[in-house]
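Order-wise, the sequence lines are chains A and B.
Residue 315 in this note's numbering sits at position 322 of the first sequence, with consecutive numbering throughout.
Residue 65 in this note's numbering sits at position 46 of the second sequence, with consecutive numbering throughout.
Working notes, beginning with the structure itself.
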Amino acid sequence: MNFIKRAALSMKAKKGRTFLLCAVFSAILIFVLAGLTIQSAAITATENAKKSVGASVTLSANREAAMKKSQDSTTSTKPDPGSFSLTPVSLADAQKIAALDNVKSYSFLASSSAGAGDGITPISTDSESETTTSSTSNNEQAVNEGDEQARGDGQMGGGPMAMQQQSDFQVSGVMDLSMLSDFSDGIAEITSGEAISEDDVETNNVVIEQTLAEANELNVGDTFKVTDPEDETKTYELTIKGIYKTSENGDSMGMQFNFLNPANTLYTSYTFANTLKGDDATGTIDSASYTLSDPKAMDTFVASAEKLIDTDSFSLQTNDQAYQQMLQPLNNVASFAKNIVILVAVAGVIILTLIVMMTIRERRYEIGVLLSLGESRFKVVLQFFSEIIICMVVALVIATFSGNIVGNVVGEQLINQQSQSAQQTETNQGQPDKMGGDGQQRQGGPGGAMGRIGASSVEAAEAIQELNISVQPKEIALLAGLGILISFFSIVLSSVGILRLQPKKILTT
Amino acid sequence: MLQTQEVGYWYKNEDEFLYKNVNLTFQRGKMYAILGASGSGKTTFLSLIAGLDLPKAGEILYNEESLKKIGLRNYRKNDVSIIFQAYNLLPYMSALDNVLTAMSISSSKQADKKTYALENLANVGIDEVLATKNVTQLSGGQQQRVAIVRALCCDHELIVADEPTGNLDEKTSKEIVQLFQKVAHEQQKCIIIVTHEQEVANACDAVYELKNQRFELVK
């Protein structure tokens, strides 16, 4: 251990050199630590993102296969619109998939329409009423035909576009209202009463919009009647379980058709929506959505689920867009932080090697004396290594206290850049409108409102903002390891010179 | 104890050799002097027998074993102590630490190294106050004495010294020579001194003179 004592004595005697080494090492370690903490924070945020967002898989009718089937069944080159049909999803199959591992939550959706009965009048304008009650014959005929086609042989009846002439309300049958993205994103919220939940299966409970409730002087616990979309004489009494308000304004279509007005959306259990569709729809749903606890295992989940269904009739659509959106900026930050660590570490090795090499040139005489006394070259190298390690320990302490500050400053800037970049990308791409992407599902697609179930970009933004940069013992340990590695490489590279030194040459020159 | 067998040395060309076919024998309990003019190759010869370099020709045997076989570092560590003309002390240490460092490297068997080192330093006039001072604060003569004590404290059987009294006053020089004699005769060590001082040479048991590229026994 004599070399350690020599190292300590040498450092004490050469205070300037020791200070320089400590300062350089501190600078290196501060930046390495900043990189490590940012990287670690980004990884933690990614893990949290996985937990909070998950990924969703939607089970619905295989529209593509149905279209192909429709084409095959006709001899002409263009498909016959009348032959197109979708098989409703079996509730039993949907429940089997829900029982698979990795399902964090799930929800079923069945959408339908209903007419206004006793005790309720839909929100509408005068002209709108005209439109809904006395539409042009051509238009009515066309829609009725489409409607009939849609309702025939147990198809997915009830797409909003199919009910535009005679329906007053869009009925969204759900299993858990809180899972709808409108509600989870805060676009809609329950103002009184409770949301539709699994307990409402097989009940006639309903959640209605605040404006609709106020216009009809309805409160939680009140009842009203709606008519069957196919048979106006058939009525159903609904009990108001909750009232919600929505910031959704609807669109121009909503001014013309009552059921497209966001205020005229009734949320019921999926079983009630099925009742409105008729007996053929019993034991079926339009679609089922599953939120997975681990987005990484999505492919495995889909493979397992596909074994349980007829893939010719049904399809599983994966949606981890929110997760991927969230992942991109975090990955960018993590990648940048990793690059910082690598670059600073490499630069550190180079800088320290040069300093140690210069030091060794100054210390040739000392090396010569030690070698002449019979000291091994290895122990001479160990002495220099000890000196570097002592400086590293000092630098490690300095870095531990200041790395947090630097990490936060650099990290904050990175996050701001990434957030701005993400926002800019979103702006450039445009907000999802009602008719595109997400909106397509709302407008009569098999997923209907269920397409909105799952994560949103709001959560992605939150995760980016929530990057928590703090120095943890794990990072300090990693930093110490890296510091030792940097010291080792700088000494190994410099010691090539030491190993070549001959005591006679040194001492005689 | 130490033998040179047909030793020869040259720097660039063999034709320009410093000496060739040197066959000398050095024994325990004796003090030897090597005399010679400046540039004759005395210090180079000393570096060969001190294990700092290998001869270009021939072999050096220590206790009948070749230095090549022993290994130069092992030889320096365990068998030989060197006193340099330029002292070659570690400048960032005190006199005491310099001695202790050498003792530690040579794996000295002294139980209390510090006391032993301080006693030996005191024998050459370096008291504890001086001993704990940084060597750069000591005079040339004091540094030379520290270098001598460093060599003696390692308890090696062979001590080679290059102009050990060159920086000492006459009185101290005599004292050091007497100390060498005592160590050589009483502790049965072999001391080889390269010098150009006749007085030092006279105090030695045997004297070789390097003249015309040859070693001649003159005493």
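Quick reminder that beta carbons are idealized off the backbone N, C-alpha and C, glycines included.
Note that the coordinates shown come from a computational prediction; the quantities given were computed from them, not determined experimentally.
Nearest to residue i (by Cα), restricted to the options the options
i, options, result
"VAL374 (chain A)", "A:ARG357, A:ASP224, A:GLN318, A:VAL334", "A:ARG357"
"ASN32 (chain B)", "B:ALA76, B:ILE211, B:LYS133, B:SER66", "B:ALA76"
"LYS270 (chain A)", "A:VAL489, A:LYS97, A:ALA107, A:LEU309", "A:ALA107"
"ALA109 (chain A)", "A:ASN209, A:LEU500, A:ILE23", "A:ASN209"
"ILE462 (chain A)", "A:GLY396, A:SER487, A:ILE479", "A:GLY396"
"GLY235 (chain A)", "A:ASP193, A:GLU225, A:GLN88, A:LEU347", "A:ASP193"
"SER306 (chain A)", "A:SER280, A:LYS331, A:LYS289, A:ASN325", "A:SER280"
"GLN163 (chain A)", "A:LEU84, A:GLU182, A:PRO115", "A:PRO115"
"VAL17 (chain A)", "A:GLY28, A:ILE381, A:LYS238, A:SER262", "A:ILE381"
"ASP116 (chain B)", "B:TYR135, B:PHE103, B:ILE101, B:SER100", "B:TYR135"
"LEU173 (chain A)", "A:GLY404, A:ALA470, A:TYR237", "A:TYR237"
"SER177 (chain A)", "A:THR226, A:THR239, A:ARG10, A:ILE278", "A:THR239"
"GLN88 (chain A)", "A:ASP111, A:PHE24, A:MET168", "A:MET168"
"PHE481 (chain A)", "A:ILE180, A:LEU259, A:THR346, A:ILE499", "A:THR346"
"ALA225 (chain B)", "B:GLN232, B:LYS152, B:ASN231, B:CYS209", "B:CYS209"
"LYS300 (chain A)", "A:LEU93, A:GLN32, A:PHE12, A:THR11", "A:LEU93"
"LEU336 (chain A)", "A:PHE(-4), A:ALA27, A:SER98", "A:ALA27"
"TYR283 (chain A)", "A:GLY367, A:ALA48, A:THR80, A:ALA103", "A:ALA48"
"SER126 (chain B)", "B:PHE103, B:VAL99, B:SER113, B:GLU147", "B:VAL99"
"SER3 (chain A)", "B:ARG164, B:ASN97, B:MET112", "B:MET112"
"ASN312 (chain A)", "A:ILE391, A:LEU285, A:ASP175", "A:LEU285"
"THR393 (chain A)", "A:ILE21, A:GLY112, A:LYS(-2)", "A:ILE21"
"ASN242 (chain A)", "A:ALA181, A:GLY166, A:SER160", "A:ALA181"
"ASN543 (chain A)", "A:LYS5, A:THR216, A:ALA54, A:ASN212", "In this structure chain A extends from -6 to 502, so residue 543 (chain A) is not present and cannot be described."
"ILE233 (chain A)", "A:SER262, A:ASN251, A:THR226", "A:SER262"
"THR228 (chain A)", "A:GLY112, A:GLU405, A:LYS497, A:VAL96", "A:GLY112"
Run of the alpha helix (DSSP H) containing residue i, from where it starts to where it stops
i, result
"VAL165 (chain B)", "159 to 172"
"LEU229 (chain B)", "Counting along the chain, LEU229 (chain B) falls outside any alpha helix (DSSP H), though it belongs to the beta strand (DSSP E) covering 225 to 230."
"ASN(-5) (chain A)", "-5 to 6"
"LYS201 (chain B)", "189 to 205"
"TYR135 (chain B)", "132 to 142"
"ASN32 (chain B)", "Per DSSP, ASN32 (chain B) belongs to no alpha helix (DSSP H) and is neither H nor E."
"ARG95 (chain B)", "91 to 97"
"ALA281 (chain A)", "No alpha helix (DSSP H) contains ALA281 (chain A), which is instead part of the beta strand (DSSP E) from 280 to 285."
"VAL167 (chain A)", "Here VAL167 (chain A) belongs to no alpha helix (DSSP H); instead the beta strand (DSSP E) covers 162 to 167."
"GLU147 (chain B)", "147 to 150"
"VAL294 (chain A)", "Per the sequence shown, residue 294 (chain A) should be read as Phe rather than Val. Run containing PHE294 (chain A): 291 to 299, per the alpha helix (DSSP H) assignment."
"GLU124 (chain B)", "With the sequence shown as reference, residue 124 (chain B) is identified as Ile, and Glu is not the correct amino acid for it. Where ILE124 (chain B) is concerned, the enclosing alpha helix (DSSP H) stretches over 114 to 124."
"GLU235 (chain B)", "Looking at the DSSP string, GLU235 (chain B) is not in any alpha helix (DSSP H); the run it does join, the beta strand (DSSP E), is 233 to 236."
Endpoints, the beta strand (DSSP E) within which residue i is located
i, result
"PHE217 (chain A)", "216 to 220"
"ARG357 (chain A)", "It is not in any beta strand (DSSP E) - ARG357 (chain A) instead sits in the alpha helix (DSSP H) that spans 357 to 365."
"TYR28 (chain B)", "21 to 29"
"ILE189 (chain A)", "That residue, ILE189 (chain A), is in no beta strand (DSSP E); it is neither H nor E in DSSP."
"MET50 (chain B)", "50 to 55"
"SER308 (chain A)", "307 to 312"
"LEU179 (chain B)", "In the sequence on display, residue 179 (chain B) carries Val and not Leu. Note, VAL179 (chain B): beta strand (DSSP E), 177 to 181."
"ILE79 (chain B)", "76 to 81"
Chain E residues whose Cβ lies nearer than 7 Å to that of residue i
i, result
"LYS96 (chain B)", "Included in the structure are the protein chains A and B, with no chain E among them."
Three Cβ pairs or more, each shorter than 8 Å: is that satisfied between the stretch 219 to 226 of chain A and the stretch 183 to 195 of chain A? No contact exists between the stretch 219 to 226 of chain A and the stretch 183 to 195 of chain A.
What residues in the stretch 357 to 390 of chain A bring their beta carbon closer than 7 Å to a beta carbon of chain B? Using a CB distance below 7 Å, the part of the stretch 357 to 390 of chain A facing chain B consists of GLU359, VAL362, SER365, LEU366, GLY367, GLU368, SER369, ordered along the chain.
Which ranges would you report for the alpha helix (DSSP H) in the stretch 74 to 107 of chain A if only whole runs of at least 4 residues count? Fully contained in the stretch 74 to 107 of chain A are the following alpha helix (DSSP H) runs of length 4 or more, in chain order: 84 to 91.
If you pair each beta-carbon of the stretch 42 to 61 of chain B with each one of the stretch 127 to 146 of chain B, do three or more pairs fall below 8 Å? The stretch 42 to 61 of chain B is not in contact with the stretch 127 to 146 of chain B.
Can at least three beta-carbon pairs, one atom from the stretch 112 to 128 of chain B and one from the stretch 168 to 183 of chain B, be found at a separation below 8 Å? With contact defined as three or more Cβ pairs closer than 8 Å, the stretch 112 to 128 of chain B and the stretch 168 to 183 of chain B are in contact.
Would you call the stretch 33 to 40 of chain A in contact with the stretch 287 to 297 of chain A, where contact means no fewer than 3 C-beta pairs closer than 8 Å? Short answer: they don't touch.
Listed from N- to C-terminal order along the chain, which residues in the stretch -2 to 23 of chain A have their beta-carbon within a distance smaller than 7 Å of any beta-carbon of chain B? Here the close residues are ARG(-1), LEU2, SER3, ALA6, LYS7.
Identify each residue in the stretch 463 to 492 of chain A for which the Cβ-Cβ distance to at least one residue of chain B is less than 9 Å, and report them in chain order. So the list is empty, because no residue satisfies the distance condition.
Positions along the stretch 99 to 116 of chain B whose CB lies within less than 7 Å of some CB in chain A: Residues passing the 7 Å Cβ filter: ILE101, PHE103, ASN107, LEU109, TYR111, MET112, ASP116.
Should the stretch 197 to 209 of chain B be called in touch with the stretch 39 to 54 of chain B, which here means at least 3 C-beta pairs below 8 Å? Output reads yes: the stretch 39 to 54 of chain B touches the stretch 197 to 209 of chain B.
Inspect the CB distances between the stretch 88 to 99 of chain B and the stretch 332 to 342 of chain A and report whether three or more fall short of 8 Å. Verdict: no, contact absent.
Please list the residues of the stretch 59 to 80 of chain B that have a C-beta atom closer than 7 Å to any C-beta atom in chain A, keeping them in chain order. Residues of the stretch 59 to 80 of chain B with a C-beta atom less than 7 Å from some C-beta of chain A are SER66, LEU71, ASP72, listed in chain order.
For the structure I just gave you, are there three or more beta carbon pairs, one from the stretch 375 to 385 of chain A and one from the stretch 30 to 45 of chain B, closer than 8 Å? Output reads no: the stretch 30 to 45 of chain B does not touch the stretch 375 to 385 of chain A.
Identify each residue in the stretch 121 to 145 of chain B for which the Cβ-Cβ distance to at least one residue of chain A is less than 8 Å, and report them in chain order. Listed by position along the chain: ALA121, SER123, ILE124, SER125.
Which ranges does the beta strand (DSSP E) cover as unbroken runs of at least 3 residues, wholly within the stretch 194 to 273 of chain A, from first to last along the chain? If only complete runs of 3 or more residues are kept, the stretch 194 to 273 of chain A shows the beta strand (DSSP E) at 198 to 202, 216 to 220, 228 to 239, 258 to 262, in order along the chain.
Touching by the beta-carbon criterion (3+ pairs, under 8 Å), the stretch 345 to 353 of chain A and the stretch 476 to 487 of chain A: Yes: at least three Cβ pairs fall under 8 Å.
At least three beta-carbon pairs within less than 8 Å, the stretch 210 to 230 of chain B to the stretch 180 to 190 of chain B: Contact between the stretch 210 to 230 of chain B and the stretch 180 to 190 of chain B is present, because at least three Cβ pairs lie under 8 Å.
Anything in the stretch 164 to 186 of chain B with a Cβ closer than 7 Å to a Cβ of chain A? List those residues in chain order, please. Of all residues in the stretch 164 to 186 of chain B, none places a beta-carbon less than 7 Å from a beta-carbon of chain A.
If you measure beta-carbon to beta-carbon, which residues of the stretch 29 to 49 of chain B are closer than 7 Å to chain A? Look at the stretch 29 to 49 of chain B: it has no residue with a C-beta under 7 Å from a C-beta of chain A.
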